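Residue numbers (my numbering), protein chains in the order written: chain F, 739 to 1058; chain X, 739 to 1058. Working notes, structure below.
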């Protein structure tokens, strides 16, 4: 099966689960909890859970679908809380939860999804020791995500963030949740310790590449295509691998901390390409994906292992 | 052992655990996470975990201390997020986290404690199936606490809240965490389903009484004695069992939605006492504690069962 078809089918399964468990909200808190979850999304983390499980034990009789949902709930919880902290008003084409409702409701909606993630992990039919290890991994992951978001916020107003600091932030903010997705899939399906570790690092490395690609998309893709506000990182003077490498190349991006036309963004992009900044950033993302693929070289050949490799490539080729 | 001594000793154990795991914060997020946790507190929920465990199986070889800490972490997480929502500036004699730092840091500090609670539950040495059941119970409890806080906020601006609505709010906001404390202690120590259920409802009923007593303390205890701002519920026009029963008795408390002197609060209190409102509210709390004691009548006699009964009495006799 090709990756595109696989992702469509697995997203469909997750969407149905979300509809079943969050579809008939009968009070405002439940509606706020379901809001972002039902606004779409590619459901990539659940897909990674399922692929990792099948890559270590295809046809296992355990029902780990609730775990794949748990990872999506965790992702949705972090988005709701991040949107409050970052003051973002729209996401996935809908108003953010704290915009549509209010901050208290958004804090609570995130907290409900957070708890639900652990509830759904408990609902899997895997052996109890595997569940406990998965829960422990998800909990540690959530702590790291908070540390990553805090690190990201601490970069504001700094202009001396190093590539190493940036990569550590991205590892925690984005990498560890993909790591947990792949690791938990492997644990619940009964993978060996070596397989679990291989998949964990596969997820972490490709997840970091995913975030770097997000930064590139912010600069390169039209708003119409990405569904996001093109050039927002430039406008906000955000520390990304692009702005860090630009600074190292002697390019001053501070004049662009204002509303920019597409033509102006194109001009900056041209300058960054001419200096090799874009290629250098792309190179880091590609290297991370290659490392991710090497991480899972220990797995036996299977269609799912092949799809996981394609997932890595997809992470850095989407929407640019 | 008398209850006072027991609570002092168990709080000491919990304080030491907190110091060990949260004592050497080396960045701002860690300091914010540890802030409220280290500002004291009676550690009543951890005590209930330990007493419930010992009441069903004294001398069990399992180490469930991490679970008792998990309940305190959960409590601390809810306080940090509630303080943001309620705009409170001080608690336990120290500035609230969002006041000392900022809202984003307070949201993250709460989220870190939330995840840590699940991590510590996983760290117990009990059998894995007991851990999974405990984790599931804590997760469900967290969802209910969010619902309770949302319900409480939805009461603002209403003047027709019924005693039933109030009690349901209190059950979710305060009762279920005591229920989980007692239930999880029983589960981890290997209690029978009947014992777990008995202790769960013991916790829920006494926990509801605890909250009603908190409302009474707000009105009856001097600020110096309670460490809180006397009469704040009156000033804010909060819906409590006191204000609901006052309304049912034809007493209009709305003129008191302003800064009040001690003499004025004493006058309101006198009026409420004369009409039987205070006795009626106290009666509800006492009935809940009696129900809680009946819940655990199924347990064999033990010093710990005796202490649990005393805990119920303490909940409605403290600080009035």
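From the three backbone atoms N, C-alpha and C, an ideal C-beta is built for every residue, glycine too. Note that this is a predicted model, so its numbers are computed, not measured.
### Beta-bridge pairing of residue 936(X) - partner residues as DSSP gives them
Working through the second chain from its first residue, we reach residue 936(X) at position 198. The partner list for residue 936(X) (beta bridge, DSSP) is empty, contrary to what the question assumes.
### Task
Report yes or no: do three or more beta-carbon pairs, one from the region 911-918 of chain X and one from the region 866-879 of chain X, lie closer than 8 Å?
Look at the beta carbons and you see the region 911-918 of chain X touching the region 866-879 of chain X: at least three pairs across the two are nearer than 8 Å.
### Message
Please list the terminal residues of the continuous alpha helix (DSSP H) segment that includes residue 903(X).
### Response
Counting from 1 along the second chain, the entry for residue 903(X) is found at position 165. 901-908 is the span of the alpha helix (DSSP H), which, as asked, contains residue 903(X).
### Message
Using 8 Å as the threshold, is the C-beta distance between residue 922(F) and residue 787(F) below it?
### Response
Taking the first chain and counting its residues from 1, the one referred to as residue 922(F) is at position 184. Taking the first chain and counting its residues from 1, the one referred to as residue 787(F) is at position 49. The Cβ atoms of residue 922(F) and residue 787(F) sit closer than 8 Å to each other.
### Message
Relative to the C-alpha of residue 791(F), which candidate in 937(F), 856(F), 950(F) has its C-alpha closest?
### Response
Numbered from 1 along the first chain, position 53 holds the residue referred to as residue 791(F). Of the candidates 937(F), 856(F), 950(F), the one whose C-alpha sits nearest the C-alpha of residue 791(F) is 937(F).
### Message
Can you give me the C-alpha to C-alpha distance between residue 924(X) and residue 840(X), rounded to a whole angstrom?
### Response
In the second chain, counting from the first residue as 1, residue 924(X) sits at position 186. In the second chain, counting from the first residue as 1, residue 840(X) sits at position 102. Distance between the alpha carbons of residue 924(X) and residue 840(X): 38 Å.
### Task
Just the chain X side, please: which residues come within less than 7 Å of residue 739(F) by C-beta, in chain order?
One-based indexing of the first chain puts residue 739(F) at position 1. The premise fails here: residue 739(F) is roughly 33 Å from chain X at the closest Cβ pair, so nothing lies under 7 Å.
### Message
Taking DSSP's pairing of strands, which residues face residue 917(X) in a bridge?
### Response
Counting from one through the second chain, the residue named residue 917(X) turns up at place 179. Paired residues: none, contrary to the question.
### Task
State the beta-bridge partners of residue 962(X) as determined by DSSP.
One-based indexing of the second chain puts residue 962(X) at position 224. For residue 962(X), which the question treats as bridged, DSSP gives no partner whatsoever.
### Message
Pull the bridge partners of residue 829(F) from the DSSP assignment, please.
### Response
Within the first chain, the letter at position 91 stands for residue 829(F). Note: residue 829(F) sits in a beta bridge opposite 832(F).
### Query
Name the chain X residues that come within less than 7 Å of residue 878(F), Cβ to Cβ?
The sequence position of residue 878(F) within the first chain is 140, counting from 1. Chain X residues near residue 878(F): 857.
### Query
Are any of the Cβ atoms in chain F nearer than 8 Å to that of residue 755(X)?
What you label residue 755(X) is simply residue 17 of the second chain in a count that begins at 1. False, the Cβ-Cβ gap to chain F never drops below 8 Å.
### Task
Check the Cβ of residue 867(X) against every Cβ in chain A and list those closer than 7 Å, keeping chain order.
This model lacks chain A altogether; the protein chains it does include are F and X.
### Message
Just to make sure I have the definition right: I need the residues of chain F whose C-beta is within less than 7 Å of the C-beta of residue 873(X). Which are they?
### Response
Within the second chain, residue 873(X) is the residue found at index 135, counting from 1. Within chain F, the residues near residue 873(X) are 856, 860, 873.
### Message
Relative to the C-alpha of residue 868(F), which candidate in 1037(F), 800(F), 886(F), 961(F) has its C-alpha closest?
### Response
Stepping through the first chain from its first residue, residue 868(F) is reached at position 130. Measuring from the Cα of residue 868(F), the nearest candidate turns out to be 800(F).
#### Entry: Validate contact between the region 1014-1033 of chain F and the region 939-957 of chain F using beta carbons, cut 8 Å, 3 pairs
Cβ pair count under 8 Å is three or more, so yes.
### Query
If we cut at 8 Å on Cβ distances, does residue 907(X) have a partner in chain F?
Counting from one through the second chain, the residue named residue 907(X) turns up at place 169. No, no contact with chain F.
### Task
Would you give the residue range spanned by the alpha helix (DSSP H) that residue 897(X) belongs to?
Start at 1 with the first residue of the second chain, and residue 897(X) comes out as number 159. It is not in any alpha helix (DSSP H) - residue 897(X) carries neither H nor E in the DSSP assignment.
### Query
Do we get a CB-CB distance below 8 Å when we pair residue 773(X) with the residues of chain F?
Counting from one through the second chain, the residue named residue 773(X) turns up at place 35. Taking Cβ atoms only, chain F never reaches closer than 8 Å to residue 773(X), which makes this a no.
### Message
Is residue 885(X) close to chain F? Criterion is C-beta to C-beta, closer than 8 Å.
### Response
Mapped onto the second chain, residue 885(X) falls at position 147. True, the Cβ-Cβ gap to chain F drops below 8 Å.
### Query
Do residue 717(F) and residue 822(F) have their C-beta atoms closer together than 8 Å?
In the structure as shown, chain F starts at 739 and stops at 1058, and residue 717(F) therefore has no counterpart that could be examined.
### Query
When the cut-off is 8 Å and only beta carbons count, does residue 853(X) lie next to chain F?
On the second chain, position 115 is the one that residue 853(X) refers to. So yes, residue 853(X) belongs to the interface.
### Query
If you draw a straight line from the alpha carbon of residue 929(F) to that of residue 1050(F), how long is it in whole angstroms?
Sequence index remark: in the first chain, residue 929(F) carries index 191 (1-based). Sequence index remark: in the first chain, residue 1050(F) carries index 312 (1-based). For residue 929(F) and residue 1050(F), the distance between alpha carbons rounds to 21 Å.
#### Entry: Spatial distance of residue 1033(X) from residue 935(X) (CA atoms)
Here the question's residue 1033(X) lines up with position 295 in the second chain. Here the question's residue 935(X) lines up with position 197 in the second chain. Linking residue 1033(X) to residue 935(X) through their CA atoms gives a straight-line distance of about 9 Å.
### Query
How many angstroms separate the CA atom of residue 897(F) from the CA atom of residue 907(F)?
Position 159 of the first chain holds residue 897(F). Position 169 of the first chain holds residue 907(F). Taking the straight line from one Cα to the other gives about 15 Å.
#### Entry: residue 846(X) at chain F interface by Cβ criterion, 8 Å
Sequence index remark: in the second chain, residue 846(X) carries index 108 (1-based). It does; some Cβ of chain F falls within 8 Å.
### Query
What does residue 881(X) reach in chain F if we use C-beta pairs closer than 8 Å?
If you number the second chain from 1, residue 881(X) lands on position 143. Against chain F, a Cβ distance below 8 Å from residue 881(X) picks out 850, 853, 854, 857.
### Message
By alpha-carbon positions, which one of 1003(F), 927(F), 944(F), 991(F) ends up nearest to residue 1078(F)?
### Response
Given a span of 739 to 1058 for chain F in the structure shown, any question on residue 1078(F) remains unanswerable.
### Query
Rounded to a whole number of angstroms, what is the C-alpha to C-alpha distance between residue 848(F) and residue 815(F)?
Counting from one through the first chain, the residue named residue 848(F) turns up at place 110. Counting from one through the first chain, the residue named residue 815(F) turns up at place 77. Rounded to the nearest whole angstrom, the C-alpha separation of residue 848(F) and residue 815(F) is 4 Å.
#### Entry: Touching by the beta-carbon criterion (3+ pairs, under 8 Å), the region 1006-1016 of chain X and the region 983-990 of chain X
Contact between the region 1006-1016 of chain X and the region 983-990 of chain X is present, because at least three Cβ pairs lie under 8 Å.
### Message
Using 8 Å as the threshold, is the C-beta distance between residue 859(X) and residue 804(X) below it?
### Response
Looking up residue 859(X) in the second chain gives position 121. Looking up residue 804(X) in the second chain gives position 66. Yes, these two residues count as a Cβ contact at 8 Å.
### Own chain residues within Cβ distance below 7 Å of residue 1052(F), not counting five before or after
Against the first chain, residue 1052(F) aligns to sequence position 314. Within its own chain, the residues whose Cβ lies closer than 7 Å to the Cβ of residue 1052(F), once the five positions on either side in sequence are excluded, are 741, listed in chain order.
### Task
Give me the Cα-Cα distance between residue 999(X) and residue 1005(X), rounded to the nearest whole angstrom.
Residue 999(X) sits at position 261 when you count from the first residue of the second chain. Residue 1005(X) sits at position 267 when you count from the first residue of the second chain. Near 10 Å, if we compare the C-alpha coordinates of residue 1005(X) and residue 999(X).
### Task
Run through the region 984-1018 of chain F for me and flag every whole alpha helix (DSSP H) of 4 or more residues, listed as ranges in chain order.
With a minimum length of 4 residues, the continuous alpha helix (DSSP H) runs that stay inside the region 984-1018 of chain F are 1000-1012.
### Below-8 Å beta-carbon distance, residue 989(F) vs any chain X residue
By one-based count along the first chain, residue 989(F) stands at place 251. Taking Cβ atoms only, chain X never reaches closer than 8 Å to residue 989(F), which makes this a no.
### Query
Can you tell me the Cα-Cα spacing of residue 863(X) and residue 866(F), whole angstroms?
If you number the second chain from 1, residue 863(X) lands on position 125. If you number the first chain from 1, residue 866(F) lands on position 128. Those two C-alpha atoms are separated by around 14 Å.
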